[in-house]
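Numbering (our numbering), first residue to last: 19 to 196.
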């Protein structure tokens, strides 16, 4: 194969203003006590790539502006709609009452393999990802409509939260349309 890499002009899809005006997927991401600012930035960048409606940052999760977020977000903190809430559990209850289907990315009994999940048209999905050590708050797991799990086959039992979120966002977004 004789492929030439694209240059920056070929990679530029739209301006920040055009992105903000673009129709988004019926899909939001909630960060439940994510400690690493670089993970926050990476999730914002992935959310930009897939037209996620918004990213909700909760608890101890850091928010822009912050140099460590900017380092990995590369400007996505300016394009993606985001907001902060103090309590992730309360926000999940509120969003569920507002018609969002709460999907938790967690290793739990009764989970669905991420690759077996197919989002349904007409539904709004909230993907909740959790703390790098303790995961998603058990109270959110208890109220979840769907628990998604990435099967692990190696020695390690988990992936970085930004990597896991990226995989789940890609999988979920590929089955939705604006």
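Positions of the beta carbon are idealized from the N, C-alpha and C atoms, including for glycine.
With distances taken between CB atoms, is the gap from residue 35 to residue 196 smaller than 8 Å? no
Considering only residues of the same chain and omitting the five flanking positions on each side of residue 80, which have a CB-CB separation below 6 Å? 55 and 58
Can you give me the C-alpha to C-alpha distance between residue 144 and residue 118, rounded to a whole angstrom? 6 Å
Do you know how far the Cα of residue 31 is from the Cα of residue 121? For the pair residue 121 and residue 31, the Cα-to-Cα distance works out to about 29 Å.
Quick test of the definition: if touching needs 3 or more C-beta pairs under 8 Å, does the stretch 83 to 98 touch the stretch 58 to 69? yes
Segments of 3+ residues assigned as beta strand (DSSP E) that fall wholly inside the stretch 46 to 97: 72 to 76
What number of angstroms, rounded off, separates the C-alpha of residue 114 from the C-alpha of residue 169? 26 Å
Using the rule of at least 16 other Cβ atoms within 10 Å of the residue's Cβ for burial, across every protein chain shown, is residue 26 buried or exposed? exposed
Is there contact between the stretch 142 to 158 and the stretch 179 to 196, where contact requires at least three CB pairs shorter than 8 Å? yes
Cut-off 8 Å between Cβ atoms - residues of its own chain near residue 103, not counting five sequence neighbours on either side: 74, 75, 76 and 109
Which term fits residue 19, buried or exposed, when burial requires 16 or more other beta carbons within 10 angstroms of its beta carbon? exposed
Would you please state the rounded distance, in angstroms, between the beta carbons of residue 187 and residue 106? I believe it to be under 8 Å. With 8 Å as the limit, residue 187 and residue 106 do not qualify as a contact, their Cβ atoms being about 18 Å apart.
For residue 131, the nearest candidate out of 166, 52 and 116 (CA to CA): 166
Report the CB separation of residue 136 from residue 93 in whole angstroms; it is logged as a contact under 8 Å. 32 Å between Cβ atoms; not a contact.
Name the two residues that bound the continuous beta strand (DSSP E) containing residue 168. Unbroken run through residue 168: none, as it is neither H nor E.
Please confirm whether residue 45 and residue 70 have their CB atoms less than 8 Å apart. yes
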